[in-house]
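**Q**
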Amino acid sequence: RRLAGRRAVFRLRKPLVIKPLVIKMYSMKGAVRTAPIIKYFLLKKGVSQSECDQNISVSPKSTYWTYVFLISKASRLSCTLLILLKKKKINFLHFYGHITKLSYKWYNFKDLPASGGLFFSCVWGHHAKLYSQFAPRASYNQTSDKYNLFITL
1 RRLAGRRAVF RLRKPLVIKP LVIKMYSMKG AVRTAPIIKY FLLKKGVSQS
51 ECDQNISVSP KSTYWTYVFL ISKASRLSCT LLILLKKKKI NFLHFYGHIT
101 KLSYKWYNFK DLPASGGLFF SCVWGHHAKL YSQFAPRASY NQTSDKYNLF
151 ITL
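Sequential numbering of the sequence shown, starting at 1, is according to full-length UniProt numbering.
Printed below as a string of structure tokens:
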């Protein structure tokens, strides 16, 4: 707040509409690409085996999408920067989400535990849902309470 002080608010409506849409499409692609891996492990090997078998995390396709996800986190953090440049308040949950996901993701990429493969696939889908809410909000269109609840859950 001290840095922003008396500076004028940046006009960032277009970037705040376009960037979440791009991230949403990118996340949808990641979810579609990783879902077959998860489906295979859950249907063929069961839930307990998919949590224990490291092959889910070390398969070339899974490792690639894990790496892409880690790199894309910079883009997600830049969305937060755009919000800050507009002098909007960011709640604790927003920062907590970034910190916990970043630390868990870096741990997962280093050791590649089996649970990481499931986690990354689920988070791809979650981000596809989540970022579909940001674009309408940035363009000052209200989303329904039911939709917001769906996104949150």
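Backbone N, C-alpha and C fix where the C-beta goes; we use that ideal spot for every residue, glycine too.
Pull up the CB-CB distance for ILE38 and LYS61, whole angstroms please, since I reckon it's below 8 Å.
**A** Actually they are not in contact, since the Cβ atoms of ILE38 and LYS61 sit about 11 Å apart, beyond 8 Å.
**Q** What residue from MET28, LEU85, SER103 and THR80 has the CA that sits closest to PHE92's CA?
**A** THR80
**Q** What whole-angstrom Cβ distance do LYS19 and ALA128 have, given they're in contact under 8 Å?
**A** Actually they do not touch by this definition, with Cβ atoms about 14 Å apart.
**Q** List the whole-angstrom C-beta distance separating THR66 from GLY116, where the pair is believed to meet the contact cut-off of C-beta under 8 Å.
**A** 7 Å
**Q** Which residues bound the alpha helix (DSSP H) around ILE90?
**A** Per DSSP, ILE90 belongs to no alpha helix (DSSP H) and is neither H nor E.
**Q** DSSP three-state label for SER78, please.
**A** In this structure, SER78 counts as helix in the three-state DSSP scheme.
**Q** Could you check where the alpha helix (DSSP H) with ARG11 kicks off and where it finishes?
**A** Neither: ARG11 is in no alpha helix (DSSP H) and is coded neither H nor E.
**Q** What do you reckon, are the CB atoms on SER27 and PHE41 nearer than 7 Å?
**A** no
**Q** From LYS14 to PHE119, what distance separates their C-alpha atoms?
**A** 31 Å
**Q** What residues in its chain sit with their C-beta under 7 Å from that of SER59, if we drop five residues either side in the sequence?
**A** ILE37
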